[in-house]
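Student: One rule links them: number in my numbering = place in the sequence shown (from 1) + 75. This is the structure, below, for whatever I ask next.
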Amino acid sequence: MTNLPPSDPRSSQRNPLDFDEFIGVIVAFTAIGSILFWALSRKESNWNFGQLIPSLSPTLAPNIQPNPQAGIDNNLVLGIPNTGVQPNLGTQLPVIPNQDLSEGVVKPGIPAIVIPVPEKPGEIPSVPGAGVFGFIPPLVDGNTPNISPTISPTISPSIAPKPQVTTPVAKLPIIPPPRAFTDVSDQFWAQGFINALSSRKIIEGFEDYSFRPNQPINRAEFAAIVNRAFKKEIGQTKLSFNDIPQNYWATGAINDAIATGFMKGFPDKTFKPDQKIPRVQVLVALVSGLNLKTPASPEKIVSIYKDAKDIPKYAIAKVAAATNDGLVVNYPDKGSLAPNREITRAEATAMIHQALVKMGRLQPIKSENIVQAP
Numbered sequence: 076m077t078n079l080p081p082s083d084p085r086s087s088q089r090n091p092l093d094f095d096e097f098i099g100v101i102v103a104f105t106a107i108g109s110i111l112f113w114a115l116s117r118k119e120s121n122w123n124f125g126q127l128i129p130s131l132s133p134t135l136a137p138n139i140q141p142n143p144q145a146g147i148d149n150n151l152v153l154g155i156p157n158t159g160v161q162p163n164l165g166t167q168l169p170v171i172p173n174q175d176l177s178e179g180v181v182k183p184g185i186p187a188i189v190i191p192v193p194e195k196p197g198e199i200p201s202v203p204g205a206g207v208f209g210f211i212p213p214l215v216d217g218n219t220p221n222i223s224p225t226i227s228p229t230i231s232p233s234i235a236p237k238p239q240v241t242t243p244v245a246k247l248p249i250i251p252p253p254r255a256f257t258d259v260s261d262q263f264w265a266q267g268f269i270n271a272l273s274s275r276k277i278i279e280g281f282e283d284y285s286f287r288p289n290q291p292i293n294r295a296e297f298a299a300i301v302n303r304a305f306k307k308e309i310g311q312t313k314l315s316f317n318d319i320p321q322n323y324w325a326t327g328a329i330n331d332a333i334a335t336g337f338m339k340g341f342p343d344k345t346f347k348p349d350q351k352i353p354r355v356q357v358l359v360a361l362v363s364g365l366n367l368k369t370p371a372s373p374e375k376i377v378s379i380y381k382d383a384k385d386i387p388k389y390a391i392a393k394v395a396a397a398t399n400d401g402l403v404v405n406y407p408d409k410g411s412l413a414p415n416r417e418i419t420r421a422e423a424t425a426m427i428h429q430a431l432v433k434m435g436r437l438q439p440i441k442s443e444n445i446v447q448a449p
C-alpha cells in the first residue's frame, strides 16, 4: 500500500461556495437592504427606533427636552391648551398615539411621545381642579377637545335669622273668688263693693260666715280696714294712748292709720277705739289720707245734699272734696248725706272701694248710689 501525504488544511478555506450558500447570502443582503430602504423612506420617523415596538402602557420619559420647532402645536396632540406653563420634566407622561392632524383622523400606527412646548410663559390662567398633566379626553374627531374648567361654587355664609324679641307681659294678679257671705244676697245694694274687697281680703266676715253689712263699725275696725286697703310704706311708729291696752288687737293698725294721716287721736291722748265712727269722719279720714285737693267752692258742692246744714263746719271742705272725687255713696236716699249717723260696714266698704278706684287700684263699678258732683 502506498501511504498518501496529509492534506493541507489551507486548501479547505479556498473551497468555492455552493449554490445553496450563495442563494442564502443574496437573500440576507436583500432583507437588510429592504429594511434600510424602508427605514430611510419614512418621513416622520426621524430615526426614532423606539417607535418600532408599540407600547400601550405609559413610559417614563426622564429629562426629555421639548421640541420648539414642531410643525403643528404639540399641545394639540395631547389635547392640552397652550398654557405656557413649564412642565416638570422627569414626571410620568402618558404615551398618546401619533395622529395625523392634517387629515383630521386618528391613524393607528407607531406611538409617539410628544411634549407640550410653552410659547409665552407666565400668561396662562390656572385651571382649577386639574393640573397641567391631569386627565385629558382622547381625540376622536381630530379637533381639540373643549375643556371647560370646573368652577367651584361660591359658598355664601348662612346668616342666622335674628331672634324675635318678645316683650314680656306682666302677669295679672290672681284674684280669688269673693267670700260667699250668708247675709249678702245678689240683690243687696252693696254686694258689688263687698265682693271686690272680700276677694282681696281687705274686709273679712265673721266665724258664722256672715258679714253683717248693716252693723255699725267702730274706730278700731275702721283703722284695721284702712291698713289692709292702702298698705302705705311707713316706718315703725309707736303711739301711746291712754285708752288702748298694751296687747290690744288693733294697736298696730291704729298706729299705722295715724302715721299715714288717715286718722287722728283726741286732744286728751285718747283714741276711743270702741267708739262708733260717723259717716262724716270716714269721709274726712279718706280725703286726708289720700291728700285730695279741696275744690274752689266747697259750700256750693255740698249744697246738693238735703241735709247739708248738718255737716260740721270743720268737715265742709273735706266733704266737698270727697263728693267731687266720687267717694260718697248714699243709701237708701242718694240725696241725703246723713253725716252724723254711724256708718255701717256696707257703707264703709263702699266708700273705701271708691277711694281705691280714685287711686287707680280698682276698676269702677256701676251703682246708682254713687253721688255725682254737679
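Cβ coordinates follow ideal geometry from the N, Cα and C atoms, glycine included. These numbers were taken from a predicted model, which means no experiment stands behind them.
If you drop the 5 nearest sequence neighbours on each side, which residues of the same chain put their C-beta closer than 6 Å to that of Ser363?
Tutor: Translated into the one-based positions of the sequence shown, residue 363 becomes position 288. For Ser363, where only same-chain residues beyond five positions count, the Cβ hits under 6 Å are Gly336.
Student: Under the three-state reduction of DSSP, which class applies to Pro387: helix, strand or coil?
Tutor: Numbered from 1 along the sequence shown, position 312 holds the residue referred to as residue 387. The answer is coil: DSSP assigns Pro387 none of H, G, I, E or B.
Student: Find out if the Cβ-Cβ distance for the pair Leu361, Ala430 is shorter than 7 Å.
Tutor: Against the sequence shown, residue 361 aligns to sequence position 286. Against the sequence shown, residue 430 aligns to sequence position 355. Closer than 7 Å, so yes.
Student: What did DSSP end up calling Asp93 once you bin it into helix, strand or coil?
Tutor: Here the question's residue 93 lines up with position 18 in the sequence shown. Residue state, collapsed to three classes: coil.
Student: Take every Cβ of the region 408 to 426, pair it with every Cβ of the region 283 to 296, and state whether three or more of those distances are shorter than 8 Å.
Tutor: The region 408 to 426 vs the region 283 to 296: in contact.
Student: Looking at the unbroken alpha helix (DSSP H) that takes in Gly327, where does it start and where does it end?
Tutor: By one-based count along the sequence shown, residue 327 stands at place 252. Taken as a continuous stretch (DSSP letters only), the alpha helix (DSSP H) holding Gly327 covers Thr326 to Ala334.
Student: Looking at Arg254: is its Cβ nearer than 7 Å to the Cβ of Gly280?
Tutor: The residue you call residue 254 lines up with position 179 of the sequence shown. The residue you call residue 280 lines up with position 205 of the sequence shown. Taking 7 Å as the Cβ cut-off, Arg254 and Gly280 qualify as a contacting pair.
Student: Is it right to say Pro414 is buried, meaning 16 or more other beta carbons lie within 10 angstroms of its own, or is it exposed?
Tutor: The residue given as residue 414 occupies position 339 in the sequence shown. It is buried - the Cβ of Pro414 has at least 16 other Cβ atoms within 10 Å.
Student: Do Phe316 and Phe297 have their C-beta atoms within less than 7 Å of each other?
Tutor: One-based indexing of the sequence shown puts residue 316 at position 241. One-based indexing of the sequence shown puts residue 297 at position 222. Cβ distance not < 7 Å, so Phe316 and Phe297 don't count as in contact.
Student: For Asn293, which residues does DSSP report across the bridge?
Tutor: The residue you call residue 293 lines up with position 218 of the sequence shown. In DSSP, Asn293 forms a bridge with Lys351.
Student: Which of the three DSSP states, helix, strand or coil, is assigned to Glu282?
Tutor: Here residue 282 refers to the residue found at position 207 when the sequence shown is read from its first residue. DSSP places Glu282 in coil when its eight states are reduced to three.
Student: Roughly how many angstroms lie between the CA atoms of Leu402 and Asp318, to the nearest whole one?
Tutor: As a position in the sequence shown, residue 402 is number 327, starting the count at 1. As a position in the sequence shown, residue 318 is number 243, starting the count at 1. If I take the Cα positions, the gap works out to 31 Å.
Student: According to DSSP, is Thr419 helix, strand or coil?
Tutor: Indexing the sequence shown from 1 puts residue 419 at position 344. Correct three-state label for Thr419: strand.
Student: By how many angstroms is the C-alpha of Leu272 removed from the C-alpha of Ala371?
Tutor: Along the sequence shown, read from residue 1 onward, the residue named residue 371 stands at position 296. Along the sequence shown, read from residue 1 onward, the residue named residue 272 stands at position 197. Taking the straight line from one Cα to the other gives about 32 Å.
Student: Run the CB neighbour count on Phe305, radius 10 Å, all protein chains shown included, and call it buried at 16 or more, exposed below.
Tutor: The count along the sequence shown starts at 1 and reaches residue 305 at position 230. The residue is buried, with at least 16 neighbouring Cβ atoms inside 10 Å.
Student: Look at the alpha carbon of Trp113 and the alpha carbon of Asp93, and state the distance between them as a whole number of angstroms.
Tutor: Sequence index remark: in the sequence shown, residue 113 carries index 38 (1-based). Sequence index remark: in the sequence shown, residue 93 carries index 18 (1-based). Trp113 and Asp93: Cα-Cα distance of roughly 31 Å.
Student: Among the candidates Val301, Ala295, Ala334 and Ile333, whose CA atom is the shortest distance from the CA of Pro320?
Tutor: Taking the first residue of the sequence shown as position 1, residue 320 is located at position 245. That would be Ala295, whose Cα lies nearest to the Cα of Pro320.
Student: Going by C-alpha distance, which of Asn366, Gly410, Glu96 and Ile278 is nearest Val67?
Tutor: No statement about residue 67 is possible, as the shown extent of the chain runs from 76 to 449 and does not include it.
Student: Does the Cβ-Cβ distance between Phe268 and Thr424 come in under 7 Å?
Tutor: Position 193 of the sequence shown, counting from 1, holds the residue named residue 268. Position 349 of the sequence shown, counting from 1, holds the residue named residue 424. Yes; because the gap between Cβ atoms is below 7 Å, this pair is in contact.
Student: Would you identify the three-state DSSP class for Gln404, choosing helix, strand or coil?
Tutor: Here residue 404 refers to the residue found at position 329 when the sequence shown is read from its first residue. First, the residue type needs correcting, since residue 404 is Val and not Gln in the sequence shown. Of the three classes helix, strand and coil, the one that applies to Val404 here is strand, per DSSP.
Student: Terminal residues of the continuous alpha helix (DSSP H) containing Pro320?
Tutor: The residue given as residue 320 occupies position 245 in the sequence shown. No alpha helix (DSSP H) contains Pro320, which DSSP labels as neither H nor E.
Student: So is Ala332 buried or exposed if we call it buried at 16+ other beta carbons inside 10 Å?
Tutor: To locate residue 332, count along the sequence shown from 1; it is residue 257. With 16 or more Cβ atoms within 10 Å of its Cβ, Ala332 is classed as buried.
Student: Can you check which of these residues, Ser285, Leu412 and Val446, is closest to Asp385 by C-alpha distance?
Tutor: The count along the sequence shown starts at 1 and reaches residue 385 at position 310. Out of Ser285, Leu412 and Val446, Leu412 has the C-alpha closest to the C-alpha of Asp385.
Student: Give the DSSP bridge partners of Ile445, in chain order.
Tutor: Here residue 445 corresponds to residue number 370 of the sequence shown, with the count starting at 1. For Ile445, which the question treats as bridged, DSSP gives the partners Val404.
Student: Leu314 to Lys307, Cα distance in whole Å?
Tutor: Working through the sequence shown from its first residue, we reach residue 314 at position 239. Working through the sequence shown from its first residue, we reach residue 307 at position 232. When rounded, the distance between both Cα atoms is 17 Å.
Student: Quick one: is Arg436 buried, meaning 16 or more other Cβ sit within 10 Å of its Cβ, or exposed?
Tutor: Indexing the sequence shown from 1 puts residue 436 at position 361. Looking at its Cβ environment, which holds fewer than 16 other Cβ atoms inside 10 Å, Arg436 is exposed.
Student: Is the closest heavy atom of the ligand ATP to the C-beta of Asp318 under 6 Å?
Tutor: Although the ligand ATP was asked about, the structure shown includes no ligands whatsoever.
Student: Span of the alpha helix (DSSP H) holding Ile440?
Tutor: By 1-based counting over the sequence shown, the position of residue 440 is 365. First-last for Ile440: undefined, no H or E at that position.
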